[in-house]
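Here the structure is laid out as structure tokens; the discussion comes afterwards.
2 protein chains.
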Amino acid sequence: MLSLKNKNYKKLLKLNEKLGHYESILSLLYWDDRVCMNPKAAKYRGQQIAIITEYIHKQKTSKNYGKLIESISPEEYEKYSPEWVNIKWWKFEYERNIKIPPKLITKLSQLIPSSLQAWEQDKKEKKFKHLLPFLKKIIEINREMIEKWGYEEEPYEALVKGYEIDINPKQIEKIFTKLKEKLIPLIKKYKDKTETKTNLKNIKFEKEKLEQFCKYLVKKISNLDIRLDPTSHPFATAISPFDVRITTRYTNIESAIFGTLHELGHAIYDYYLPTDKYFGQPVSSSASLSIHESQSRFFENLIGRSLNFWNYFYDELIKYIPEVKKIKLEEFVKSINRIELQPIRTEADETTYNLHIIMRFNIEREIFNKNIKIQEIPELWNETFKEYFGYYPKDDSEGILQDIHWAESLFGYFPTYTLGNLIAAQIYNTLQNNIKTEEIEKGKFENIINFLKENIYLKGKTYTTQELVEKITNEKINPDHFIKYLEKKLQNI
Amino acid sequence: MLSLKNKNYKKLLKLNEKLGHYESILSLLYWDDRVCMNPKAAKYRGQQIAIITEYIHKQKTSKNYGKLIESISPEEYEKYSPEWVNIKWWKFEYERNIKIPPKLITKLSQLIPSSLQAWEQDKKEKKFKHLLPFLKKIIEINREMIEKWGYEEEPYEALVKGYEIDINPKQIEKIFTKLKEKLIPLIKKYKDKTETKTNLKNIKFEKEKLEQFCKYLVKKISNLDIRLDPTSHPFATAISPFDVRITTRYTNIESAIFGTLHELGHAIYDYYLPTDKYFGQPVSSSASLSIHESQSRFFENLIGRSLNFWNYFYDELIKYIPEVKKIKLEEFVKSINRIELQPIRTEADETTYNLHIIMRFNIEREIFNKNIKIQEIPELWNETFKEYFGYYPKDDSEGILQDIHWAESLFGYFPTYTLGNLIAAQIYNTLQNNIKTEEIEKGKFENIINFLKENIYLKGKTYTTQELVEKITNEKINPDHFIKYLEKKLQNI
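As given, the protein sequences belong to chains Y and L, one line each in that order.
With the first letter of the first sequence counted as 1, position 417 gets the number 424 in this note's numbering; the numbers rise by one all the way through.
With the first letter of the second sequence counted as 1, position 46 gets the number 53 in this note's numbering; the numbers rise by one all the way through.
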């Protein structure tokens, strides 16, 4: 006979398995919205999404669910066992969910569509104006939620915790300060050296051929059936076990290729997570956003911007895009590694990208810790940007309006991008001691993917970000590896 | 203050609106399964579909739902008003649903995947063997359901009622007998005359170009944004208002083009149904399967196989498929109208297609009215086929195994195909008296579509099949129009 704890655990498994299917349906609704759907049907898609989201939320905050959650404890199971991981995360999520009154969630979710519209309008008019009242309300609600959630050292901590449970803002600050100290001189040292007149954005291409090349890359690297579709903003999604899909944009060959490689990194991770074995259970999901991002950056940058990689794929690319022949291989690799102090984060190079993130981290922290007024944010943005990049953004569309995140209430999310970059380099360093990375020059990735599979993918959510990084590399997140990796690459360009 | 009847009606509206969104989700799950999904994920898609289907069924058979249904009556509203139509159909559906014990539905739906597998295997082996035990059980369950539903004149009636509420088997028999009497001599008269060595299936084509031509057809004819994707079996689906999608197959130019035109007919109807105005309500759905099929046949055959149509599109087709130039326009039109006594229904021509349906109608009727044994069906099939077509099928794959319908428990469905053909010709006859169909020769369809919109599409489910046909053509379904239309066309070939 099952003990009560086992009975209730099984009940939670069953409930979460069902909710897992609802999550799959939700992912498909979003994917189809962005990839296939006639935009005229947006109103209906919004309602379908709302119905499923509400159903999941209701189930996960129900009294019955709460009773089951409260009746069991991770300590009753072996540390790091699937049961221990599941219960730990169910509790964390449930406790975070029930602290927020449903009314506040409704208020926030009703604000977002209008906030996004105001953001779109302001972006067109290049002036932070219509978004202001919405951002004000969104930040107020976030401040209210912070109070409900509670925090130990600083308010901003409660927001970061939504994405990283074992790295608080103070720890991020330490990592980012060390990084920035080394990044600034590195940028100065190599900026001019990497200057090039070659601009891959000007290469002419046939859209169909470029799409074929990107599909070829997906198959060649992963050896998996991963759909690749065109969208205006690239993304990756896992709909169910064995059903992982990515998108890219074909605006120019650089965006298309690196968009594909980035999303492919996410997709390979999603594909090999143990979702089939532990369907609907936290243990089968990714370790964290930072780890997820480390995998996309791994394929986009560590592999995709290396000379090794293009030693193999440059000739292949020419088969699809003959104009590439005009650029020598060395020039090509220089171009994809050039350092430019771009005003727009999403167009930034691998090196300066992190300055954008450190800056956003500092601004977010001020917004929530120092209770600054919303009207003051654009100026704070512009002054911080001047300090980091040496010039002022020419208008708000190059400043506070460039990212969608705040307009849709994503605060505490930005730091995971740079953490991902650092982790990717740190793991690559360990991997190089174990795997002959020359196989990249032969267009082979099997051993690399197997290393990642064994050390990251199959572990799911068993370990937190720092635990996982330490398990693989024998130390916690250390920005030195990223700096060393960059320096080594930039020296040889 | 609202009266109780109004209050309960509004409650039912709200419930059904929500279920309408669930139906949309279900349509997307099916569409994506056939068009986009990695087949490895089939197990998960099956579970997603089961969860949503079960949810809808539970809601529609709940005690609360039943109480609401029983508290109102269509007679309290004006005949043919949206309220009258909705209540009439809610009641019809509810009463049909609750008569069947959930266990029986589960038993049936659990049988179907294995039954389909057995069908696939038997088809490959060209021998009716593994399907037999499954078909036996499926027919037994259908017989049990017939007893639960009840009937007036004959058991088969209860199955047909699932698709056509105002045409019973006796009436179908009358229509089909009249049709067959005139069809047989027509086939004899024109079979040799339409013989041609031209076979469009042999025309060489570039797949991309053929796809582009089919997409061009969709846009040119409908002037709507309707997605067209490739699948192994063409189909049309309406996911939500403004989101209607079709598929075709690119095995040869004939299949691709007529698959597209057929599904486009379904899609235009779905697009213009008043689903945005009356979302989730029966009144906004199609009149019946026969009427739906009449619209697909209208565009596939009445328009798509006419000389008028190809007078315009022949030159366009050559732009995409230059090899078509080898065939003269007149030969091309002859080829798409040739009469051949094919063994396979889905490959049959417009004329002999109906013999396939009449034959299936008679066999289904015998199965349920005369309680014949399942083992006897293949022989019954082969003998009936010999009687109609003059030769025996060479094996079961050309006989009882050719259709998927019975293996997935679709009985009473076949007659709607031929009813659709008859209705299409009858409506076309009336339309020709009102609209100058020469506009087809100019590649214009606006007036034709407006006629259909006004008389069929916008009416939704207000009228039954016979009522609608009578409203438009001043008489009930009459096969003479179909015969006259065929004769006129075949004379001129």
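The C-beta atom is built at its ideal place from N, Cα and C for all residues, glycine as well.
Owing to the predicted nature of the structure, the values given are computational and were not obtained by experimental measurement.
Check: Spatial neighbours of Glu415 of chain L within its chain, please: C-beta separation below 8 Å, excluding the five flanking residues on both sides.; Outcome: Ile119, Ser122, Leu123
Check: Consult DSSP for Asp487 of chain Y and reduce its assignment to one of helix, strand or coil.; Outcome: helix
Check: Which whole-angstrom value is the C-beta distance of Cys221 of chain L and Thr254 of chain L, which I expect to be below 8 Å?; Outcome: Incorrect: roughly 10 Å between the Cβ atoms, too far for contact.
Check: With a threshold of 8 Å, are at least 3 pairs of Cβ atoms found where one atom belongs to the region 392–404 of chain Y and the other to the region 456–463 of chain Y?; Outcome: no
Check: Please check if any C-beta of chain L sits within less than 7 Å of the C-beta of Gln55 of chain Y.; Outcome: yes
Check: Just to confirm, are Thr425 of chain L and Ile364 of chain L a CB contact at a threshold of 7 Å?; Outcome: yes
Check: Quick one: residues in its chain with C-beta nearer than 8 Å to the C-beta of Trp38 of chain Y, no 5 flanking neighbours on either side, listed in chain order?; Outcome: Thr244, Ile246, Arg252
Check: Three Cβ pairs or more, each shorter than 8 Å: is that satisfied between the region 60–78 of chain L and the region 265–280 of chain Y?; Outcome: no
Check: For the region 488–500 of chain Y against the region 433–442 of chain Y, do three or more pairs of beta-carbon atoms, one drawn from each stretch, fall closer than 8 Å, so that the two count as touching?; Outcome: yes
Check: Does the contact criterion of 3 or more C-beta pairs under 8 Å hold for the region 294–307 of chain L versus the region 467–481 of chain L?; Outcome: yes
Check: Starting from the beta carbon of Lys47 of chain L, find every residue of chain Y whose beta carbon is closer than 9 Å, and list them in chain order.; Outcome: Asp232, Pro248, Phe249, Asp250
Check: Let me make sure I understand the geometry here. Which of Y:Gln219, Y:Lys130, Y:Leu417 has the alpha-carbon closest to that of Glu323 of chain Y?; Outcome: Y:Gln219
Check: Among Y:Asn454, Y:Ser262, Y:Phe306, Y:Tyr257, which one has its Cα closest to the Cα of Lys216 of chain Y?; Outcome: Y:Tyr257
Check: Take Asn93 of chain L and list the residues in its own chain whose beta-carbon comes closer than 7 Å to its own, dropping the five residues that flank it on each side.; Outcome: Gln288, Pro289, Val290
Check: Would you report the Cα separation of Arg103 of chain L and Glu151 of chain L, rounded to the nearest angstrom?; Outcome: 13 Å
Check: Step through the CB atoms of chain Y and report whether any lies within less than 7 Å of the CB of Met501 of chain L.; Outcome: For chain L, the structure presents residues 8 to 500; residue 501 of chain L sits outside this window and is missing.
Check: In the DSSP assignment, find the unbroken beta strand (DSSP E) run with Tyr237 of chain L in it and report its ends.; Outcome: Rather than Tyr, the amino acid found at residue 237 of chain L in this sequence is Pro. Pro237 of chain L -> beta strand (DSSP E) spans 234–237.
Check: For Phe452 of chain Y, which option in Y:Ile484, Y:Pro350, Y:Phe316 has the closest C-alpha, if you only look at C-alpha atoms?; Outcome: Y:Phe316
Check: Determine the burial state of Leu336 of chain L: buried for a count of at least 16 other Cβ atoms within 10 Å of its Cβ, exposed for fewer.; Outcome: exposed
Check: Could you tell me the distance, in whole angstroms, from the CA atom of Lys393 of chain L to the CA atom of Lys187 of chain L?; Outcome: 15 Å
Check: Cutting at 6 Å between CB atoms, please list the residues of its own chain near Arg352 of chain Y, excluding the five before and the five after it.; Outcome: His363
Check: So Ala125 of chain L and Phe141 of chain L are supposed to be a Cβ contact under 8 Å. How far apart are they, rounded?; Outcome: 5 Å
Check: Could you give the uninterrupted runs of the alpha helix (DSSP H) lying entirely in the region 80–136 of chain L, keeping only those of 4 residues or more?; Outcome: 89–105, 109–132
Check: If you draw a straight line from the alpha carbon of Leu26 of chain L to that of Lys25 of chain Y, how long is it in whole angstroms?; Outcome: 19 Å
Check: Using DSSP with H/G/I as helix, E/B as strand and the rest coil, what is Ala48 of chain Y?; Outcome: helix
Check: Examine the Cβ distances between the region 227–239 of chain Y and the region 262–271 of chain Y and report whether three or more of them are shorter than 8 Å.; Outcome: yes
Check: When you compare only the Cα positions, how much space is there between Glu408 of chain Y and Glu383 of chain Y?; Outcome: It should be noted that the sequence gives Leu, not Glu, for residue 408 of chain Y. Approximately 14 Å, taken between the alpha carbons.
Check: What are the boundary residues of the alpha helix (DSSP H) that Ser247 of chain L is part of?; Outcome: From DSSP, Ser247 of chain L is part of no alpha helix (DSSP H) but of the beta strand (DSSP E) over 243–247.
Check: So, under 8 Å CB-CB, Leu190 of chain Y and Asn361 of chain Y are touching, yes? Tell me the CB distance rounded to an integer number of Å.; Outcome: 6 Å
Check: According to the Cβ coordinates, are Ile411 of chain L and Leu387 of chain L closer than 7 Å?; Outcome: no
Check: Look up Asp250 of chain L in the DSSP assignment and give the residues it is bridged to.; Outcome: L:Ser247
Check: How about Gln54 of chain L and His28 of chain Y: do their beta carbons lie closer than 7 Å?; Outcome: yes
Check: List, in chain order, every chain Y residue whose beta-carbon is nearer than 8 Å to that of Leu26 of chain L.; Outcome: Under the 8 Å cutoff, chain Y gives no residues; its nearest Cβ is about 10 Å from Leu26 of chain L.
Check: If you compare alpha carbons, which of Y:Pro385, Y:Gln349, Y:Glu307 is closest to Leu138 of chain Y?; Outcome: Y:Pro385
Check: Examine chain L for any beta-carbon lying closer than 7 Å to the beta-carbon of Ser292 of chain Y, and answer yes or no.; Outcome: no
Check: Which runs of the alpha helix (DSSP H) spanning at least 4 residues fall entirely within the region 424–477 of chain Y, listed in chain order?; Outcome: 453–462
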